[in-house]
Structure formats: C-alpha cells, structure tokens
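Chemist: FYI, the numbering for the sequence shown is 41 to 230, going by our numbering. For glycine and all other residues, C-beta sits at the position ideal for the given N, C-alpha and C. None of the values given here were measured: they were computed from a predicted structure.
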Amino acid sequence: MAVVGAGGTGAFYGGALARAGAEVTMIARGPHLEAIKSNGLQLKSVLLGDFLINSAVTDDMSSIGAVDLVILAVKSWGTDAAIDSMSGLVGDDTVIISTQNGVDSERLLADAFGAEHVLGCTAVVSAMITEPGVVNQAGGPGSLEIGELFGGPSDRVADLVGRFVEAGLAAQAHNNIQLALWQKFIFICL
Numbered sequence: 041m042a043v044v045g046a047g048g049t050g051a052f053y054g055g056a057l058a059r060a061g062a063e064v065t066m067i068a069r070g071p072h073l074e075a076i077k078s079n080g081l082q083l084k085s086v087l088l089g090d091f092l093i094n095s096a097v098t099d100d101m102s103s104i105g106a107v108d109l110v111i112l113a114v115k116s117w118g119t120d121a122a123i124d125s126m127s128g129l130v131g132d133d134t135v136i137i138s139t140q141n142g143v144d145s146e147r148l149l150a151d152a153f154g155a156e157h158v159l160g161c162t163a164v165v166s167a168m169i170t171e172p173g174v175v176n177q178a179g180g181p182g183s184l185e186i187g188e189l190f191g192g193p194s195d196r197v198a199d200l201v202g203r204f205v206e207a208g209l210a211a212q213a214h215n216n217i218q219l220a221l222w223q224k225f226i227f228i229c230l
C-alpha cells in the first residue's frame, strides 16, 4: 500500500493499516520525511492509542512500483502534481481511494488512471502533524465510507472495508458513494 501525502490524515489511516500488519509506504516530504526516516512515525490517537510505526517512507513515488492500494491524502491544491507523479504506483489490480474533502478527486483519478481503479471514499477524522514525525489524532471517529463510483456492492469494497475494520477503524461500505461524497461536501460548506 502507498499513502500519497502522509500528513495528518494520510499518516493516521496508513499508520493504522501498518500497525495491523499491512506493508505501507508513506510518501512524505521535508522535515516530516526526515523525522520518519530517522525515528519512525509516532501516532498519538484517542481512538487507537499511541504507537510507533517503522514503515517505509520516501518522497520519490517512482522508487516504489505498483501497489494494491493507493490512499491519496494530499491537500487539494497538490492533487494534480500527485496524480502526475503516481502513475508507477498503479498496476492492473491497484485500487485508489481519496481521503480528500470535496467531490472532484474521484473524477480526476478516474480520468488519469481509469474508473476501474477508483473507489469513492469519505473520511472523517481530525489528525494533524504536531511536529515532524508525530501525528496527533485528537478527534473524529477515524471513519471511512467506501463505495463503487457507480453504486452497488462489490467484493473489493467489502475486502477494503474489512482491512480498515481489522485495523481498528470505523469503516463501512456505502452503496451510493456519490451521495455520501456530496453530503460530506455540503456539510463542510455549511
């Protein structure tokens, strides 16, 4: 798995998966990258407790190769650059989810990599970098709603939801993810 944008949100979800035994590579930059390389990623979580992850970390996506899951967690202004750099992560069976707020990232990802690679996702968590290499999840349930872009249940959604639940997160499948994305977007706008 690869977390493109291992800041607060990305590091929280990727860290939970890594703690549960998944092989996760974090893509970070600057002092945060250097601190994770030197000391690991420290997560302080009201949901999962405090723990240290020593997963792979890089700022060079081309050094990773294709993965099973890409979690896109960059700020919205970094989406285009992230998409331009992540083509090497996407293989025939790669699934991509975005934890970004808004309703555009799934379309952008589908345009770049094909809709068959993209699942819709809403993420509800308050997690932030408090110092390089340290992420504090101080609120929110750490929940995810995941669904097929065109609706209905699927085995791959059920499998992915199961992985997040095994990692201690409140994840669930949503049969109308477009509705869920718009509901979250409207809530944020209010």
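Below 8 Å, can you find three or more Cβ-Cβ pairs linking the region 108-127 to the region 85-95?
Modeler: no
Chemist: Classify T139 as helix, strand or coil using the three-state DSSP reduction.
Modeler: coil
Chemist: Taking the alpha-carbon of A62 as reference, which of A207, E146, G105 and G128 has the nearest alpha-carbon?
Modeler: A207
Chemist: Output the boundary residues of the alpha helix (DSSP H) element that contains E146.
Modeler: S145 to F153
Chemist: Among G128, A167, D132 and G160, whose alpha-carbon lies nearest the alpha-carbon of V143?
Modeler: The shortest C-alpha separation from V143 is found at G160.
Chemist: Among residues of its own chain, excluding the 5 on either side of A46, which ones have a beta-carbon nearer than 8 Å to its beta-carbon?
Modeler: G54, M66, I67, A68, H72, I76, L81, V97 and A113
Chemist: Whole angstroms are fine: how far does the CA of M41 sit from the CA of V175?
Modeler: 19 Å
Chemist: Report yes or no: do three or more beta-carbon pairs, one from the region 212-228 and one from the region 147-165, lie closer than 8 Å?
Modeler: yes
Chemist: I'd like the ranges of any beta strand (DSSP E) spanning at least 3 consecutive residues and lying wholly in the region 177-214.
Modeler: 211-213
Chemist: Could you please give the first and the last residue of the uninterrupted alpha helix (DSSP H) stretch that includes E74?
Modeler: G70 to N79
Chemist: On the CB-based measure, 16 or more other CB atoms within 10 Å of its CB, does E156 come out buried or exposed?
Modeler: A residue is called buried once 16 or more other Cβ atoms fall within 10 Å of its Cβ, and E156, having fewer, is exposed.
Chemist: Would you grab the beta carbon distance between S166 and G187 for me? Rounded to a whole angstrom, and I think it's under 8 Å.
Modeler: Not a contact, Cβ separation roughly 23 Å.
Chemist: Does the Cβ-Cβ distance between Q177 and L87 come in under 8 Å?
Modeler: yes
Chemist: Rounded to a whole number of angstroms, what is the C-alpha to C-alpha distance between A210 and R59?
Modeler: 15 Å
Chemist: Could you please give me the residues that DSSP links to V97 through a beta bridge?
Modeler: As a beta-bridge residue in DSSP terms, V97 pairs with M66.
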